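Those protein sequence lines, which keep their order, are chains A and B.
Under my numbering, think of the first position of the first sequence as 1, with each following residue one higher.
Under my numbering, think of the first position of the second sequence as 1001, with each following residue one higher.
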Amino acid sequence: AQSVTQLDSHVSVSEGTPVLLRCNYSSSYSPSLFWYVQHPNKGLQLLLKYTSAATLVKGINGFEAEFKKSETSFHLTKPSAHMSDAAEYFCVVTDPYNQGGKLIFGQGTELSVKP
Amino acid sequence: NAGVTQTPKFRVLKTGQSMTLLCAQDMNHEYMYWYRQDPGMGLRLIHYSVGEGTTAKGEVPDGYNVSRLKKQNFLLGLESAAPSQTSVYFCASSRGVAGGLYTDTQYFGPGTRLTVL
């Protein structure tokens, strides 16, 4: 069975400092992995996705994530936080060979950015 | 191009009442999904559809029914609402298969906030 664990429920950074949101996954096969962002009272937007191509994935708004199979991790990073990055972030795993494309969500990490 | 839209945006029900949530997409996507979002639990899949006329159960299907009579619409029904169904409901859609893999991006609607008293 697949599962995702986001290691921090809340992360707080100062504007201009690096962001690190941690995600570990469990899967018995080569998964596809995603990061989605949800701003307050909004729907979810895809930040980036890994589908067995390059292990370092670049996304929108300066975010990137690195797939590390040996550590079963897919951490999200950004070199310099902006106030507009304050939102909830979800790490997501799916089985790319299973019809339905069902997503398994982590519990979410709320990112706060202080001025 | 509106993407994925959901109707209504907010609703308050009394226990035992019924209602239908409508999801519409204009991207000609094959796959559609209904999720619920509860605090601290991420999103959980209720039902999904891999094409017009098909539906399948997700992780938390009890108390819900769905229909996909038209490719662009996916309806979620609550026959007898319960307070445990108070949640934010999201619809999503995707092309389904991309490059032979079921990993295509899911596009989400803005959500419906439902309260059951």
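By construction, the Cβ of each residue, glycine as well, lies at the ideal position given by its N, Cα and C atoms.
None of these values were measured; they are calculated from a predicted model.
Using the Cα positions of residue i and residue j, report the straight-line distance between them to the nearest angstrom.
i, j, result
"A/I60", "A/F34", "12 Å"
"A/K58", "B/G1040", "27 Å"
"A/E110", "B/L1045", "21 Å"
"B/L1078", "B/S1084", "12 Å"
"B/K1071", "B/K1057", "18 Å"
"A/H75", "B/S1087", "28 Å"
"B/V1012", "A/L56", "44 Å"
"B/Y1107", "A/F63", "19 Å"
"A/Q45", "B/D1104", "14 Å"
"B/F984", "A/N98", "Given that chain B is displayed from residue 1001 to residue 1117, the structure contains no residue 984 of chain B and the question cannot be resolved."
"A/L20", "A/G43", "22 Å"
Which residues does DSSP list as the beta-bridge partners of residue i?
i, result
"B/R1095", "According to DSSP, B/R1095 bridges with nothing at all."
"B/L1069", "Paired residue(s): none; B/L1069 is not in a bridge."
"A/A87", "A/L111"
"A/Q6", "A/C23"
Could you tell me which chain A residues have their CB closer than 8 Å to the CB of residue i, listed as they occur along the chain?
i, result
"B/F1090", "G43 and L44"
"B/M1002", "In the sequence on display, residue 1002 of chain B carries Ala and not Met. Ordered by position in chain A, no residue passes the 8 Å Cβ test against B/A1002, which lies about 12 Å from the chain."
Residues of chain A with a CB under 9 Å from the CB of residue i: which are they?
i, result
"B/D1062", "None at all; the shortest Cβ gap to chain A is about 17 Å."
Against residue i, what residues of chain B qualify as contacts under a CB-to-CB distance less than 7 Å, listed in chain order?
i, result
"A/G106", "G1042"
Report the neighbours of residue i on chain B: residues whose CB is nearer than 8 Å to its CB, in chain order.
i, result
"A/F90", "G1042 and L1043"
"A/G100", "Y1031, Y1048, V1050, A1056 and Y1102"
Mind listing the chain A neighbours of residue i? Cutoff is C-beta to C-beta under 7 Å, in chain order.
i, result
"B/G1111", "G43"
"B/G944", "Coverage of chain B is limited to positions 1001 through 1117, which leaves residue 944 of chain B absent and any answer about it impossible."
Give the interface partners of residue i over in chain B, defined as CB-CB distance under 9 Å, in chain order.
i, result
"A/L103", "Y1033, Y1035, L1043, L1045, A1092 and Q1106"
Problem set entry | Cβ contact (3+ pairs, closer than 8 Å) linking the region 1014-1028 of chain B and the region 1088-1096 of chain B | Yes, the region 1014-1028 of chain B is in contact with the region 1088-1096 of chain B.
Problem set entry | Complete runs of the beta strand (DSSP E) confined to the region 37-83 of chain A [at least 3 residues] | Listed in chain order, they are 44-50, 56-58, 64-68 and 73-78.
For this session: Only counting runs of 3 or more residues, tell me where the beta strand (DSSP E) segments fall wholly within the region 1028-1053 of chain B, in order along the chain.
Result: Within the region 1028-1053 of chain B, the complete beta strand (DSSP E) runs of at least 3 residues are 1031-1037 and 1043-1049.
Exercise. Would you say the region 91-101 of chain A touches the region 21-38 of chain A, given that touching needs at least three Cβ pairs under 8 Å?
Worked result: Yes, the region 91-101 of chain A is in contact with the region 21-38 of chain A.
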